[in-house]
Every structure is written in structure tokens, then in C-alpha cells.
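Each remark here refers to the structure printed beneath this line.
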Amino acid sequence: MGKKVKKEPEAPPKDVFDPLAIESKKVPTVVLMLQSPEEEVLGKASESLYKFAKKSDENKLLLLDLGALSPLLNLISHEDKIVRRNATTVLGTLAGHPDARQRLRTMDVFPALIARLAPEEETVIHEFASLCLAYLSVDFTSKAKILEHNGLEPLVRLLGSPDPDVKKNSVECIYQLVQDFQSRAALCQLQGIPPILELLKSEYPVIQVLALKTLATLSNDAEARTILKQSQALQQILQILELKDLNDLHVEALSVMTHCLDDIETMQLLQQTGGMKRLLTFMETSTIPEVQANAAKALGKAAQDNESRKMLSDQEAEKTLVTLLISDNDDVRAAACQAISAMCANVASKDLFRNDGIPLIVHLLSSENGAVRESAVQALANLTTNNPSNATAVMEAGGVESLVKLLSDDRDVAVAHCGTVIINMASQDILRVSIQGHGVMQAIVKPLQSTNSIVMSKAALTVAAIACDADARAELRNAGGLGPLVHLLKSKYDEVRRNACWAVMVCAGDELTAVELCNLGALDILQEINLSVSRRNNFSEGAQNKLFDNFLPLKYSHKGYLSSSNIINDGFYDCGRIKPEAKLLSLEELSKQEVNDHRAVLLVNASAIEHGPPHSPASDEKADRNAVRSPTSVSRMAKEKPSTRGASPVEDKQDPSSGRSPSSLSRSGIKEKASKGKGKPKKEEDKVKEEEGHTLQEIIIEKKQWLPPFDLILFSYIGDVTKTVLEHPNTRDQVVLLAQFVADKMGGPIEKDKLHEFPWELHISELKFKFKSNIIPIGAITKGIFCHRALLFKVLADRIGIATYLIRGDYNRAWNEVKLQEDSAPGITVVLRPPEAYIVDLMYQPGRLMKVGSADADHYQHI
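Encoded structure:
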């Protein structure tokens with residue numbers, strides 16, 4: 039065996055670089071190392087960058103500025119696990135900065151990140167890849183890309199990961215994704231709900247909260263609710279609610295329950311299993327206001343369905359809601375009121391809230407919190423709708439004053455609901471009077487001027503409900519509410535216009551208001567509305583007719599007829615036909631015109647004078663010349679508006695306190711003081727004289743005011759026909775006698791061929807000169823033709839109760855139409871027929887009755 043020879047050591051290759059341990063304290067250098075081909079360098083560099091990035095946002099921003107994102111994105115798909123892991127941790131950490139997320143969205147990062155969720159990857163990679171996706175999934179575009187690259191399935195799988203961070207990141211990302219309905223549907227197909235339910239058992243509250251939030255979003259869809267029922271999720275939710283230790287989860291748990299209660303089958307399941315009772319008990323016993331508020335909202339949402347309401351009522355949900363009204367928290371009280379509003383759709387529930395609920399809700403009307411006031415008045419609106427007993431309960435609880443104040447609230451919704459409550463209450467007279475007594479007409483002016491269509495509509499409807507008597511209408515006039523109401527007639531909203539027409543129709547119930555409405559342009563607007571097919575409504579024509587019916591001078595001038603229900607009272611005047619666009623001047627305005635050759639204005643004013651009974655017919659002419667201008671209802675109206683309805687001839691003249699006329703009272707007072715002053719000291723005499731001087735001065739001032747002339751002759755006519763015509767029980771005979779009376783007072787019968795010779799025009803001119811005015815009392819005309827006689831017939835017929843029409847024709851023609859029943863012979867039974875219409879002859883053969891449509895009637899109506 040030969041001797042071994044010791045080998046010489048081999049020299050190292052000349053072209054191999056000896057390993058170099060690099061230590062760098064510069065971040066840019068480490069970022070450059072991310073482009074190294076050596077795995078060890080890449081791993082150590084990315085590990086160092088991870089430690090640097092998690093220290094602060096400033097560090098993250100520095101790495102972004104150094105361009106670290108692009109190489110890191112390449113490295114998360116590296117074949118070396120260490121490099122891949124470290125790069126993923128850096129990328130997930132950097133995604134916490136908004137600028138990094140913004141840049142990542144522009145890069146094709148999603149396929150690589152989703153690939154890191156594969157089962158063979160390390161848990162750390164799962165954690166940071168899912169974290170990065172959770173950050174990015176807030177953006178809608180990113181959600182779509184994750185779903186497009188099938189990222190939902192691996193995220194669902196990771197819900198079962200043993201690592202809590204992976205679970206948290208995955209469920210958070212899923213929560214963001216299911217905000218989109220497409221992702222919700224995809225999650226149901228992937229059977230993703232049961233794994234989320236399992237997270238409710240987690241020992242980490244953050245995971246439980248995210249799971250509940252995800253379930254709350256999913257429960258918006260019916261398919262998801264079905265899966266939740268099948269998975270017995272509701273029982274788990276109820277268990278969470280019943281555990282006080284989990285009160286930090288109660289808000290989110292109630293959100294899930296709220297959506298589930300939308301489903302009638304879920305409600306039935308809860309009722310069958312006792313879950314509904316448990317939920318109501320939880321609402322009462324919870325000490326967390328936010329939880330109670332959300333529970334009340336859940337109840338209110340469930341009460342939107344009819345069947346659900348019945349089930350809630352069976353479980354005495356009303357008592358629970360009343361209990362919540364006592365809460366000190368505004369959110370709880372507001373939510374309880376909203377739930378009560380929903381429950382009010384059940385008639386039985388309305389009655390249950392009456393005794394205990396309504397007083398508490400009325401108290402909330404004065405809350406400083408606007409949301410509470412709004413919810414409370416909404417609840418009252420629903421409680422009082424079609425329920426007079428609840429409306430009475432609101433008044434008994436002192437709600438009227440608060441409601442009237444609430445009409446000035448800044449919240450439009452609150453004002454609208456407030457109007458609804460007032461309207462509901464006003465259907466009862468006693469409540470309407472109470473509301474009116476609290477100044478509702480002054481308060482409603484502001485809502486009438488609102489720009490909100492709902493508020494305007496309700497305000498107009500409130501006026502229609504309250505303005506049923508003269509006092510309420512007077513308050514509205516004095517408060518300046520008629521102008522805004524008329525303005526609503528021009529509204530572009532159909533409902534506002536309709537309700538405004540209704541309100542105008544109600545307000546036009548007395549002449550003073552009707553006159554002012556016409557002066558404000560209501561009639562012109564209504565006429566325009568009624569000519570439009572699209573804007574006309576059920577009340578526009580009624581409002582127009584009501585204005586005409588309570589302002590008869592205007593009606594007769596515009597329409598040329600007065601019906602039997604249009605009773606002519608003192609203050610009526612006929613100035614002839616006027617054009618539709620022309621304005622009807624008031625009596626006072628007409629009195630200021632100089633005497634002209636135009637058609638005379640015929641005045642009806644038979645109010646009683648202050649000096650006792652009228653004179654005999656023999657002294658009528660003298661009395662007419664010395665006619666007293668009496669301060670009647672007509673004169674008072676003339677100071678305010680063009681026309682008014684007078685009351686009885688005596689009532690308008692009396693002083694309310696003494697029963698004597700104002701003028702007679704003044705004179706008697708002067709005489710009385712003068713007689714007493716004779717035996718008094720000089721100072722007292724001077725005082726009496728001073729008082730007398732003031733009284734006389736007031737009388738002089740009163741006389742300076744324009745008053746329409748009193749028609750003493752017409753007054754006597756009324757007395758005469760009352761004594762003579764009314765003695766006959768037969769209406770036909772009364773019509774004939776009245777026609778003969780009128781014709782006799784205005785020149786007697788006139789032959790047809792000699793009508794042109796009848797000097798009525800000269801007579802009218804003489805009367806104008808006599809009165810120094812174009813206004814002539816109807817009683818002063820002794821030579822009248824068709825238009826004069828027809829007006830006088832209508833005036834007298836109205837005073838004694840004969841129903842008659844007054845119709846204007848052309849060329850000074852006018853006629854009266856009456857409807858009479860055919861008389862039957864004594865002892866003969868005939869079938870009762872409808873009354874027939876006749877025209878009364880006042881010119882040719884006074885008292886002759888001509889059937890409407892006959893040749894004689896046609897000849898009488900036309901030249």
C-alpha cells in the first residue's frame with residue numbers, strides 16, 4: 039500500500055464574489071435593495087421596511103415617495119415564501135395610508151392579493167393580504183374589481199381561519215363588499231351567512247360587531263332573511279340582546295332584527311317562539327338610550343305591515359311605546375312617537391293610546407328638540423285622524439295652545455302635521471271654537487306664505503276647516519291672511535290650488551270677506567282656473583259661485599242673473615253689465631263720479647231710519663227729498679268695502695247696549711246734560727258744555743262720512759206688500775198681486791206699441807239731477823221699464839218670501855222667473871208634477887204669467 043499524499047487546498051474561483059453582510063441605515067438604500075436578485079437581500083430588505091412602515095404614517099408616506107409600491111407588488115408573487123411573506127406584510131401596512139390606497143387602486147394589485155388568500159399560503163400572508171383588501175374595499179371601484187376577480191370566495195373561506203386577525207380582516211372586507219347588492223347575492227350563493235353567524239361566538243368584540251354589521255346589511259334582502267331564519271339566527275340575536283354583558287353589541291344586533299321584522303314570516307316565527315315578547319321586554323328594561331331608540335325604530339318599521347301591526351298589538355306593544363315616552367332621552371322619545379305613528383294604522387291601537395299616550399305626546403309638543411316636536415305632532419296627526427275621541431283627548435290634555443304655537447315652527451314637516459291635527463280637531467264645533475280662541479287665524483298666516491308645497495296645502499286646508507263662522511273670517515281678514523290665501527290660487531301644485539279654492543269657498547261665506555277676496559283678485563284667478571281643463575278642480579267653480587253669491591252686485595254685473603237663493607239685501611246696487619276684465623266700483627267710488635249720461639246705478643237701501651215709523655205714502659215725495667242718510671250696516675260697509683248684506687231694518691240701527699240709535703242717543707244725552715247743568719256751579723256748566731261740544735263735533739264728523747241714501751219709499755213698499763200680498767195663501771196669487779203692485783208704482787201698464795213713447799229716460803235724468811248723483815234709490819223711480827221693475831219685483835219678493843229669479847237681457851231688458859205648482863180643482867186628486875217656470879209680465883199686462891219658452895215669453899225677453 040502506497041503512502042498517502044496530502045492534497046493541497048483548492049484556491050477559490052477567481053470570478054466568485056465573497057459574501058458581504060450589508061448593513062444600511064438609509065431608507066432609500068433599502069428600497070433599492072427591493073430590486074436585488076438575491077432572495078436573502080429581498081427578504082431582509084422587506085422585513086426592515088415593514089418595521090419602518092408600521093412606526094408612523096410619515097414613514098409610510100416616505101416609502102411611497104421613494105417608489106416602494108411597484109417593487110413590493112412584484113415581490114408579493116415571488117417564488118420564495120419568505121420574500122413573499124415579508125413583501126405582503128409591507129404592502130398591507132402601507133395600505134393603511136390613504137395616499138397608498140389611492141395609488142394601489144391605479145395598479146393591477148387585486149389578482150396578486152387575492153392569490154395570496156390561497157389555502158397553501160402562510161397565515162401571516164392571509165392576514166396582511168386580507169388587511170390590504172379590507173382597506174381597498176371601501177372604494178366602489180375596488181369592490182367591483184374584487185368581485186370580478188372572484189375574491190369573495192377565498193374571503194368566505196378565511197372566516198374559518200384559526201387566526202383572529204385573519205377573521206377580522208376577512209369579515210371587514212366582506213362587510214364592505216356586501217354594501218353592493220350584487221355582492222350580497224353572490225355571498226348567499228357561496229353559503230357565506232353561516233360562517234358569519236359563527237363569528238358571533240367569537241371572544242373578540244370587534245369581530246362580533248363586524249359580523250353583526252354584515253348580517254344587518256345582508257338582511258335587507260329577502261333571500262338573506264330566509265337563510266337567517268333557517269339558520270336560527272334570530273334566536274342568537276335575541277340571546278345577545280338578553281345578555282347585559284354584551285350591551286356593546288345590542289345596537290348592531292337590533293339593526294339585524296329591524297330588517298328581519300320586515301318579513302311577515304319572521305314576525306310570525308317570533309310570535310310563535312315568544313321572541314316578540316322578549317324583544318318588547320328588552321326595549322323596556324334596557325338602560326342604553328341608543329339601544330332603546332333603535333328598538334323603537336325596529337318596532338316602527340315592523341308596524342308598517344298590517345299583519346305585523348296586529349301581532350304587535352297582540353303582544354301589547356302599545357304599553358311598551360308609552361313607557362318609552364317617559365324616557366329622558368330625546369332620541370328615544372322621538373323614535374317612540376314615530377313607532378306610535380305607524381301603529382296608528384291599527385284602529386284598536388289608536389284607542390289604546392288615548393288615555394296614557396296622548397297626554398305624554400302633547401307634553402312633547404313643547405320640547406326644545408325639533409325632532410321630538412316633529413315626531414310628536416306626527417303621532418298626534420295619525421292618532422286624531424278619523425278618531426274624534428282622540429281629538430277631544432288632545433284638547434283635554436291642553437294641546438291646543440301648543441299646536442297653535444307649533445304653526446310657527448321652523449320645521450316644515452312639523453307645521454304640516456300640526457295643520458293635520460288642527461283639521462282633525464276642527465271637525466267638532468266645540469274644538470274648533472277652542473282652537474279659534476287661541477288665535478289660530480293669526481298663526482296660520484305664516485304657513486300660508488311658506489314655500490313648501492305640503493305646508494301651503496295644509497295651511498289652506500286649515501283655513502277651510504276653521505273659517506266656518508264670521509268671527510274666524512274676520513280674524514283672518516284682520517291678520518292679513520286673505521292676501522296669501524289668494525296667492526295660493528296661482529300655485530303650480532294641484533293640491534295646493536285645490537285646497538286654496540276650498541278655503542276661498544269657505545271664506546266667501548260672508549259679504550265683507552267675499553268683497554275683500556274679490557278686491558284681492560280672487561275672482562279673476564278663479565275664472566281663469568275654471569277656463570283651464572288641466573287646472574280646474576272640484577272646488578274652483580264652487581269658490582267662484584260662492585264669491586258671486588255673497589257679492590250679489592258683482593254677480594249680477596258679471597253673470598246677468600240672480601237665483602232664487604240670492605236674496606237681495608240692503609246695500610245691493612246695479613250698475614249694469616260690465617266687461618269680465620273690468621273692476622266693479624264700490625258705491626262710494628261711484629258716488630264721487632260727476633253726473634253723466636251713462637246708465638244710472640240703482641240702489642237698494644231700505645234700512646230703518648232713526649226717527650220712528652215711516653211717513654204715509656202722501657208724504658213719500660217730501661220724505662224722499664229730505665231722506666236721512668242712516669248709519670246702517672250699508673253705511674258701515676261703505677266705509678270698508680263696496681257692499682255688504684244688511685240685517686233687519688231695525689237691528690242695524692240700534693246701539694248694542696241701549697237699543698237706541700247712535701244719533702238719537704247723542705241728542706238725548708245733550709238735552710239731559712243741559713237740563714242738569716242749570717242748577718250746577720259754573721265750572722260744572724263749563725264742563726257740561728265742553729262735553730256737549732265734543733259730542734256735537736263727533737256728530738259733525740260722522741255726517742261728513744259718505745253714506746248711501748236711505749230709500750224711505752222702498753221701506754214703505756215693503757210694509758205695504760207685507761200687509762196686502764202675504765194675506766193670500768196661494769203663491770200664484772201672491773206673484774200676480776206683487777207684479778201689479780210693482781207695475782203700479784213704476785208707471786202702470788204700457789202698451790207694446792207705445793213703449794218707445796214712455797218717458798223713462800227723461801225721468802231718470804231728472805232723478806240724477808235731483809240727487810246730484812248717478813246713484814238712484816230704486817224706490818224713487820216712478821217711471822220704470824223692464825230693468826227697473828224686474829229689480830224692484832225681486833227686492834220685494836225676497837222680503838216677503840217669494841222665490842224668484844232676476845235675469846238680465848239686452849237693451850235694458852230684464853225679467854223675473856218664478857216656479858209654480860199647477861193648481862188642482864178641489865176634491866180632485868192629481869199626480870204631483872214638478873213646478874213649471876213662468877216669466878212674470880211687469881210691463882204690458884202686469885201679473886200675466888208666461889211659460890218659459892213660449893212665444894209670449896220670448897217676445898217679452900227680446901225686442
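Position in the sequence shown (first residue = 1) + 38 = this note's numbering.
Note that beta-carbon positions come from the ideal geometry of N, C-alpha and C, so glycine has one too.
Rounding to the nearest angstrom, what Cα-Cα distance links GLN631 and SER595 in this structure? Here residue 631 refers to the residue found at position 593 when the sequence shown is read from its first residue. Here residue 595 refers to the residue found at position 557 when the sequence shown is read from its first residue. Near 19 angstroms, if we compare the C-alpha coordinates of SER595 and GLN631.
On the CB-based measure, 16 or more other CB atoms within 10 Å of its CB, does PRO149 come out buried or exposed? In the sequence shown, counting from the first residue as 1, residue 149 sits at position 111. Exposed, because fewer than 16 other Cβ atoms sit within 10 Å of the Cβ of PRO149.
Taking only the alpha-carbon atoms, compute the straight-line gap between PRO485 and MET321 and give it to the nearest angstrom. Sequence index remark: in the sequence shown, residue 485 carries index 447 (1-based). Sequence index remark: in the sequence shown, residue 321 carries index 283 (1-based). PRO485 and MET321 have their C-alpha atoms spaced approximately 38 angstroms apart.
Have a look at GLN466 and VAL400 and give me their C-alpha separation to the nearest angstrom. Numbered from 1 along the sequence shown, position 428 holds the residue referred to as residue 466. Numbered from 1 along the sequence shown, position 362 holds the residue referred to as residue 400. Roughly 19 angstroms between the two C-alpha positions.
Tell me whether GLY436 is buried or exposed, calling it buried when 16 or more other Cβ atoms sit within 10 Å of its Cβ. Looking up residue 436 in the sequence shown gives position 398. The residue in question, GLY436, is exposed, as its Cβ has fewer than 16 Cβ neighbours within 10 Å.
Counting C-beta neighbours from all protein chains within 10 Å, is the total for VAL432 16 or more, i.e. buried, or is it exposed? Position 394 of the sequence shown holds residue 432. Under this definition VAL432 is a buried residue.
From THR760 to GLY885, what distance separates their C-alpha atoms? Here residue 760 refers to the residue found at position 722 of the sequence shown. Here residue 885 refers to the residue found at position 847 of the sequence shown. One Cα belongs to THR760, the other to GLY885, and the distance between them is close to 18 angstroms.
Pick helix, strand or coil for ASP612, following the three-state DSSP scheme. Here the question's residue 612 lines up with position 574 in the sequence shown. ASP612: strand per DSSP, three-state reduction.
Closest to GLY580 by CA distance: which of LEU561, PRO591, SER572 is it? Residue 580 sits at position 542 when you count from the first residue of the sequence shown. Minimum Cα distance to GLY580 is reached at LEU561.
Using 10 angstroms around the beta-carbon of LYS832, count the other beta-carbons present and answer buried if the total reaches 16, otherwise exposed. Reading the sequence shown from its first residue, position 794 is the one you call residue 832. Buried, since its Cβ has 16 or more Cβ neighbours within 10 Å.
Can you give me the C-alpha to C-alpha distance between ASN332 and VAL289, rounded to a whole angstrom? In the sequence shown, residue 332 corresponds to position 294, counting from 1. In the sequence shown, residue 289 corresponds to position 251, counting from 1. The alpha-carbon atoms of ASN332 and VAL289 are separated by roughly 7 angstroms.
Should THR179 go down as buried or exposed, given a rule of 16 or more other Cβ atoms within 10 Å for buried? Against the sequence shown, residue 179 aligns to sequence position 141. Exposed, by the Cβ-count rule.
Quick check on ALA828: buried or exposed, where buried means 16 or more other Cβ atoms within 10 Å of its Cβ? Position 790 of the sequence shown, counted from the start, is the residue given in the question as residue 828. That one is buried.
Can you say whether PHE807 is buried or exposed, counting buried as having 16 or more other CB atoms within 10 angstroms of its CB? Position 769 of the sequence shown, counted from the first residue, corresponds to residue 807. With fewer than 16 other CB atoms across the displayed protein chains lying within 10 angstroms of its CB, PHE807 is exposed.
For LYS593, tell me which candidate among LEU834, GLU210, ILE504, ARG846 has the shortest Cα-Cα distance. Residue mapping note: residue 593 aligns to position 555 of the sequence shown, counting from 1. Nearest of LEU834, GLU210, ILE504, ARG846 to LYS593, Cα basis: ARG846.
Does the Cβ-Cβ distance between CYS211 and LEU171 come in under 8 angstroms? As a position in the sequence shown, residue 211 is number 173, starting the count at 1. As a position in the sequence shown, residue 171 is number 133, starting the count at 1. Between CYS211 and LEU171, the CB-CB gap stays under 8 angstroms.
Please report how far the alpha carbon of GLU186 lies from the alpha carbon of ASP203, in whole angstroms. Along the sequence shown, read from residue 1 onward, the residue named residue 186 stands at position 148. Along the sequence shown, read from residue 1 onward, the residue named residue 203 stands at position 165. So the two alpha carbons sit approximately 25 angstroms from each other.
Quick check: what's the CA-CA separation for ASN607 versus ALA620? Position 569 of the sequence shown, counting from 1, holds the residue named residue 607. Position 582 of the sequence shown, counting from 1, holds the residue named residue 620. CA-CA distance, ASN607 to ALA620, rounds to 24 angstroms.
State the CB to CB distance for the pair GLY130 and LYS98, rounded to an integer number of angstroms; the pair is presumed to be in contact (CB under 8 angstroms). By one-based count along the sequence shown, residue 130 stands at place 92. By one-based count along the sequence shown, residue 98 stands at place 60. Contact annotation, GLY130 with LYS98: C-beta distance approximately 11 angstroms; criterion of less than 8 angstroms not satisfied.
With respect to the alpha helix (DSSP H) encompassing ILE473, which residues constitute its N-terminal and C-terminal limits? On the sequence shown, residue 473 is found 435 positions in, with the first residue counted as 1. Its alpha helix (DSSP H) spans residues 467-475.
What are the residues that DSSP puts in a beta bridge with GLU874? As a working mapping, residue 874 is identified with position 836 in the sequence shown. Under the DSSP definition of a beta bridge, GLU874 partners with LEU858.
Only counting the same chain, and skipping five residues up and downstream in sequence, which positions put a Cβ closer than 8 angstroms to that of ALA386? Counting from 1 along the sequence shown, the entry for residue 386 is found at position 348. Non-local beta-carbon contacts of ALA386 in its own chain, meaning distances under 8 angstroms to residues more than five positions away in sequence, involve SER351 in chain order.
I want to know whether the region 585-592 touches the region 780-790 - three or more CB-CB distances under 8 angstroms. Taking a contact to require three or more Cβ pairs closer than 8 angstroms, the region 585-592 and the region 780-790 do not qualify as touching.
Could you please give me the residues that DSSP links to PRO815 through a beta bridge? Taking the sequence shown and counting its residues from 1, one reaches residue 815 at position 777. PRO815 pairs with LEU641.
Residues in its own chain within less than 7 angstroms of GLU736 by CB, not counting five upstream and five downstream? Within the sequence shown, the letter at position 698 stands for residue 736. Only weak support exists for where GLU736 lies, its pLDDT of 46 falling under 50; the value from the coordinates is given anyway. So no residue of the chain qualifies.
Alpha-carbon to alpha-carbon, ARG615 and ALA875: For the purposes of this step, residue 875 is identified with residue 837 of the sequence shown, where counting begins at 1. For the purposes of this step, residue 615 is identified with residue 577 of the sequence shown, where counting begins at 1. Rounded to whole angstroms, the separation of the alpha carbons of ARG615 and ALA875 is 25 angstroms.
Assuming ALA835 and LEU793 make a contact with CB atoms under 8 angstroms, what is their CB distance in whole Å? Translated into the one-based positions of the sequence shown, residue 835 becomes position 797. Translated into the one-based positions of the sequence shown, residue 793 becomes position 755. A Cβ-Cβ separation of about 24 angstroms leaves ALA835 out of contact with LEU793 under the 8 angstroms criterion.
Within its chain, find whatever has a CB closer than 6 angstroms to the CB of TYR882; leave out the 5 residues flanking it on each side and keep chain order. Locating residue 882 in the sequence shown gives position 844, counting from the first residue. Hits under 6 angstroms: LYS790.
N-terminal and C-terminal residue of the beta strand (DSSP E) that ARG846 is part of: Start at 1 with the first residue of the sequence shown, and residue 846 comes out as number 808. Run containing ARG846: 843-846, per the beta strand (DSSP E) assignment.
Count the other CB atoms within 10 Å of the CB of MET145; is the residue buried (16 or more) or exposed (fewer)? Residue 145 sits at position 107 when you count from the first residue of the sequence shown. Around the beta carbon of MET145, a 10 Å sphere encloses fewer than 16 other beta carbons of the protein chains shown; the residue is thus reported as exposed.
Within the continuous alpha helix (DSSP H) that includes LYS617, where are the two ends? Indexing the sequence shown from 1 puts residue 617 at position 579. No alpha helix (DSSP H) holds LYS617; DSSP gives it neither H nor E.
Cutoff 6 angstroms; reference LEU764; Cβ partners in own chain excluding five residues on either side: Position 726 of the sequence shown, counted from the start, is the residue given in the question as residue 764. Counting only Cβ-Cβ distances below 6 angstroms, and skipping sequence neighbours, we find ILE838.
Checking the sheet assignment: what are the DSSP bridge partners for LYS889? Taking the sequence shown and counting its residues from 1, the one referred to as residue 889 is at position 851. BP columns for LYS889 point to TYR876.
When burial is assigned at 16 or more other CB atoms within 10 Å of the CB, is ASP509 buried or exposed? The residue you call residue 509 lines up with position 471 of the sequence shown. Label assigned to ASP509: exposed.
Candidates GLY81, TYR213, GLY230: which alpha carbon is nearest VAL244's? In the sequence shown, counting from the first residue as 1, residue 244 sits at position 206. For the residues GLY81, TYR213, GLY230, the minimum Cα distance to VAL244 belongs to TYR213.
Just curious, the alpha helix (DSSP H) that LEU228 is in, first and last residue? As a first step, residue 228 must be located in the sequence shown, where it is residue number 190. Boundaries for LEU228: no alpha helix (DSSP H) harbours it, and the DSSP string shows neither H nor E there.
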